[in-house]
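Start counting the sequence shown at 15; every next residue gets the next number (my numbering). One structure is given here, and the rest of the page talks about it.
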Amino acid sequence: MGNNSKIIRRLNILNFIEFAIWGCYLVSMGIYLGRVGMGAHIFWFYTAQGLVSLFMPAVVGIIADRWIPAQKMLSLCHGMSALFMLCVGWYGLSTPHPEFGVMFSLYVGAILFFMPTIGLCNSVAFNALIENGHSPMKKFPAIRVWGTVGFICAELFVNFTHFADTAAQYIAAGVCGLLMAGYAITMPACPINKAAGKSLAERFGLNAFALFRNRTMALFFIFSMLLGVCLQITNSYGTLYINSFQKIARFANDWAAQNATALTAISQASEALCILLIPMCIKRFGIKGVIFIAMMAWVLRFGFFSIGNTGSGVVFLILSCIVYGVAFDFFNVAGGLFVEDQTDSSIRSSAQGLFMLMTNGLGASIGTFIAGNYVVNKLVNLGEGGNAEANLVGWEQAWGIFAAYAFVIGVLFFFIFKTPKNSEKNLSQTEIKEMESISAGDPEGMTEMQ
Numbered sequence: 015m016g017n018n019s020k021i022i023r024r025l026n027i028l029n030f031i032e033f034a035i036w037g038c039y040l041v042s043m044g045i046y047l048g049r050v051g052m053g054a055h056i057f058w059f060y061t062a063q064g065l066v067s068l069f070m071p072a073v074v075g076i077i078a079d080r081w082i083p084a085q086k087m088l089s090l091c092h093g094m095s096a097l098f099m100l101c102v103g104w105y106g107l108s109t110p111h112p113e114f115g116v117m118f119s120l121y122v123g124a125i126l127f128f129m130p131t132i133g134l135c136n137s138v139a140f141n142a143l144i145e146n147g148h149s150p151m152k153k154f155p156a157i158r159v160w161g162t163v164g165f166i167c168a169e170l171f172v173n174f175t176h177f178a179d180t181a182a183q184y185i186a187a188g189v190c191g192l193l194m195a196g197y198a199i200t201m202p203a204c205p206i207n208k209a210a211g212k213s214l215a216e217r218f219g220l221n222a223f224a225l226f227r228n229r230t231m232a233l234f235f236i237f238s239m240l241l242g243v244c245l246q247i248t249n250s251y252g253t254l255y256i257n258s259f260q261k262i263a264r265f266a267n268d269w270a271a272q273n274a275t276a277l278t279a280i281s282q283a284s285e286a287l288c289i290l291l292i293p294m295c296i297k298r299f300g301i302k303g304v305i306f307i308a309m310m311a312w313v314l315r316f317g318f319f320s321i322g323n324t325g326s327g328v329v330f331l332i333l334s335c336i337v338y339g340v341a342f343d344f345f346n347v348a349g350g351l352f353v354e355d356q357t358d359s360s361i362r363s364s365a366q367g368l369f370m371l372m373t374n375g376l377g378a379s380i381g382t383f384i385a386g387n388y389v390v391n392k393l394v395n396l397g398e399g400g401n402a403e404a405n406l407v408g409w410e411q412a413w414g415i416f417a418a419y420a421f422v423i424g425v426l427f428f429f430i431f432k433t434p435k436n437s438e439k440n441l442s443q444t445e446i447k448e449m450e451s452i453s454a455g456d457p458e459g460m461t462e463m464q
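Below, the structure is given as structure tokens:
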């Protein structure tokens with residue numbers, strides 16, 4: 015029992031550090047880039063993350079499956095990513111006006127190695143749980159919550175140290191990355207299979223594209239991509255928008271305007287808590303209903319940003335952060351369960367990969383590019399000479415456009431998409447039962463670090 019408790023504790027720490035790295039810069043990067051004159055290029059940094067996610071996780075996954083054990087690959091990727099991230103930070107701190115080409119190139123190098131680590135971290139955790147006689151289905155959600163805790167702690171750290179305003183946030187991410195590289199190598203060894211017989215198409219999950227022949231699955235993946243457009247918009251511009259209220263005299267001294275990254279940490283806290291609502295909501299509204307609720311939550315997420323401010327309207331910014339948990343979790347978890355329920359076991363992993371590709375890959379990349387290049391950059395002057403009051407009007411219009419987009423997608427989904435009749439029945443008897451036991455609490459997973 016002692017060894018089992020120890021492995022849970024170690025996996026809690028693994029997930030904590032993994033997502034703390036991301037939390038150091040993901041939501042605060044826009045503030046820094048805007049401050050150093052790269053506001054018009056912010057969307058490229060977030061678009062690149064989605065584009066990298068299209069191929070690097072699959073390539074690194076193949077290497078981890080066949081040649082280099084996952085825990086060693088996780089350590090190697092974090093080490094390389096950390097070195098690039100430290101270079102980003104060093105370059106940014108060395109000059110008040112860094113060049114976009116240099117900064118962006120170093121950043122791409124960092125995320126090329128970081129993005130595959132999310133899947134590798136899961137693989138290492140699943141292997142360790144199975145080796146120690148635990149069910150990943152039951153134990154991993156509670157472990158994964160510590161990843162969200164790590165993300166929140168990193169957000170608060172860069173906020174209250176004022177790293178969010180400087181390239182020091184990349185230094186923080188790099189230091190955490192080096193710590194993770196050292197820690198990952200000590201995790202239980204993962205097996206490799208040099209004689210793996212899967213074809214290249216199977217390895218890259220290309221066989222899952224056959225699901226597009228099924229009208230229901232084709233519509234599901236198309237709507238997943240269309241909603242995926244929303245996923246990175248507030249990560250890209252949320253803190254920059256809140257921070258911009260400092261430039262308006264009547265809002266300049268507001269706590270929220272001075273602590274944008276801390277305010278948005280509410281989003282991640284909401285994300286962790288909303289996971290507990292999913293089993294009940296799936297039972298009550300079904301898979302389609304839960305996904306539709308997520309789509310409407312995105313409408314509110316953007317809409318509250320549009321009417322909020324850091325003064326008397328700060329309640330709307332807080333509400334926007336609260337509904338983020340519903341918008342993000344309900345869609346990702348319900349979508350993953352739908353794919354699990356509707357696909358054959360022979361392509362189930364590939365189908366889940368396709369779901370992630372359509373949402374966090376294609377959808378997020380396309381969405382961030384269009385949102386940044388054709389909406390925000392057209393309505394808001396992100397340069398140093400921009401008029402703050404005029405920019406506020408532009409921001410309000412931009413968030414309104416994003417809210418209208420999410421609303422249209424939600425309405426189309428509601429009337430066009432139909433779930434198979436057996437889907438609700440299957441989920442209520444299997445997956446939901448497992449999820450209810452998880453959401454009821456897992457003392458071993460959640461309390462090991464207390």
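We treat Cβ as the ideally placed atom computed from N, Cα and C, and that holds for glycine.
Spatial neighbours of residue i within its chain, please: CB distance less than 7 Å, with the 5 preceding and 5 following residues excluded, ordered by chain position.
{"i": "S442", "result": "Model confidence at S442 stands at a pLDDT of 46, short of 50, so the residue's coordinates are unreliable; what they give is reported in the following sentence. K297."}
{"i": "F30", "result": "W160, G161, V163, G164"}
{"i": "A124", "result": "S95, F98, M99, V102"}
{"i": "F177", "result": "Q183, A186"}
{"i": "A341", "result": "A308, A311, W312, R315"}
{"i": "F114", "result": "M52, H55"}
{"i": "K439", "result": "Because the pLDDT at K439 is just 42, under 50, the model does not fix this residue reliably, and the point stays unresolved."}
Compute the distance between the beta-carbons of residue i and residue j, then report whether it is under 9 Å.
{"i": "I236", "j": "T382", "result": "no"}
{"i": "Y255", "j": "W409", "result": "yes"}
{"i": "T61", "j": "H92", "result": "no"}
{"i": "M194", "j": "L90", "result": "no"}
{"i": "Y105", "j": "V116", "result": "yes"}
{"i": "L393", "j": "A222", "result": "no"}
{"i": "A142", "j": "M201", "result": "yes"}
{"i": "N391", "j": "A404", "result": "no"}
{"i": "L376", "j": "G147", "result": "no"}
{"i": "A412", "j": "A385", "result": "yes"}
{"i": "A465", "j": "W312", "result": "There is no way to answer for residue 465, as the model of the chain reaches only from 15 to 464."}
{"i": "A271", "j": "Q260", "result": "yes"}
{"i": "L287", "j": "I157", "result": "no"}
{"i": "N249", "j": "L47", "result": "no"}
{"i": "T433", "j": "L225", "result": "no"}
{"i": "P112", "j": "V50", "result": "yes"}
{"i": "L134", "j": "A78", "result": "yes"}
{"i": "F140", "j": "F154", "result": "yes"}
{"i": "T324", "j": "L331", "result": "yes"}
{"i": "C335", "j": "T278", "result": "yes"}
{"i": "A181", "j": "Q85", "result": "no"}
{"i": "I45", "j": "N257", "result": "yes"}
{"i": "C230", "j": "F427", "result": "For the record, residue 230 in the displayed sequence is Thr; it is not Cys. It is not a contact, given that the beta carbons lie outside the stated cut-off."}
{"i": "A423", "j": "L240", "result": "Note that residue 423 corresponds to Ile in the displayed sequence, not to Ala. Yes, these two residues count as a Cβ contact at 9 Å."}
{"i": "G191", "j": "S137", "result": "no"}
Going by other Cβ atoms of all chains shown within 10 Å of its Cβ, with 16 needed for buried, is residue i buried or exposed?
{"i": "S149", "result": "exposed"}
{"i": "V389", "result": "buried"}
{"i": "V329", "result": "exposed"}
{"i": "A8", "result": "This structure cannot settle anything about residue 8, because the visible part of the chain is limited to 15 through 464."}
{"i": "P110", "result": "exposed"}
{"i": "A232", "result": "exposed"}
{"i": "V73", "result": "exposed"}
{"i": "F352", "result": "buried"}
{"i": "F429", "result": "exposed"}
{"i": "V407", "result": "exposed"}
{"i": "A266", "result": "exposed"}
{"i": "N401", "result": "exposed"}
{"i": "S19", "result": "exposed"}
{"i": "S42", "result": "buried"}
{"i": "G397", "result": "exposed"}
{"i": "G196", "result": "exposed"}
{"i": "S238", "result": "buried"}
Kindly list the residues whose CB is nearer than 6 Å to the CB of residue i, restricted to its own chain and excluding five residues on each side of it in sequence; keep chain order.
{"i": "G242", "result": "T373, G377, A378"}
{"i": "E145", "result": "P202"}
Quick one: residues in its chain with C-beta nearer than 8 Å to the C-beta of residue i, no 5 flanking neighbours on either side, listed in chain order?
{"i": "V66", "result": "V122, I125, L126, M129"}
{"i": "Q366", "result": "G350, V353, E354"}
{"i": "L68", "result": "L371, G375, L376, S379"}
{"i": "L245", "result": "F342, T373, N374, G377, A378, G381"}
{"i": "W269", "result": "T324"}
{"i": "D179", "result": "I45, Y46, R49"}
Just checking residue i against the ligand MG - is the residue's beta carbon closer than 8 Å to any of the ligand's heavy atoms?
{"i": "F128", "result": "You won't find the ligand MG in this model; it holds no ligand whatsoever."}
**Request:** Could you pull out every unbroken alpha helix (DSSP H) segment of at least 4 residues lying fully inside the stretch 304-361, listed in chain order?
**Result:** DSSP runs (the alpha helix (DSSP H)) wholly in the stretch 304-361: 328-339, 345-356.
**Item:** Touching by the beta-carbon criterion (3+ pairs, under 8 Å), the stretch 185-205 and the stretch 314-330
**Value:** These segments do not touch.
**Message:** Could you check whether the stretch 336-348 touches the stretch 293-308, counting it as contact only if at least three pairs of C-beta atoms, one from each stretch, sit closer than 8 Å?
**Reply:** Counting Cβ pairs under 8 Å, three or more are found: they touch.
**Request:** Note down, one range per segment and in chain order, each beta strand (DSSP E) of at least 3 residues found wholly within the stretch 223-299.
**Result:** none
**Prompt:** Counting pairs of Cβ atoms below 8 Å between the stretch 168-176 and the stretch 50-65, do you hit three or more?
**Reply:** no
**Message:** Contact between the stretch 412-425 and the stretch 275-291 is defined here as three or more beta-carbon pairs at a separation below 8 Å; is this criterion met?
**Reply:** Taking 8 Å as the limit for Cβ pairs, the verdict is that the stretch 275-291 does not touch the stretch 412-425.
**Prompt:** Taking only runs of the alpha helix (DSSP H) that begin and end inside the stretch 59-90, which ones reach a length of at least 4 residues, in chain order?
**Reply:** 70-80
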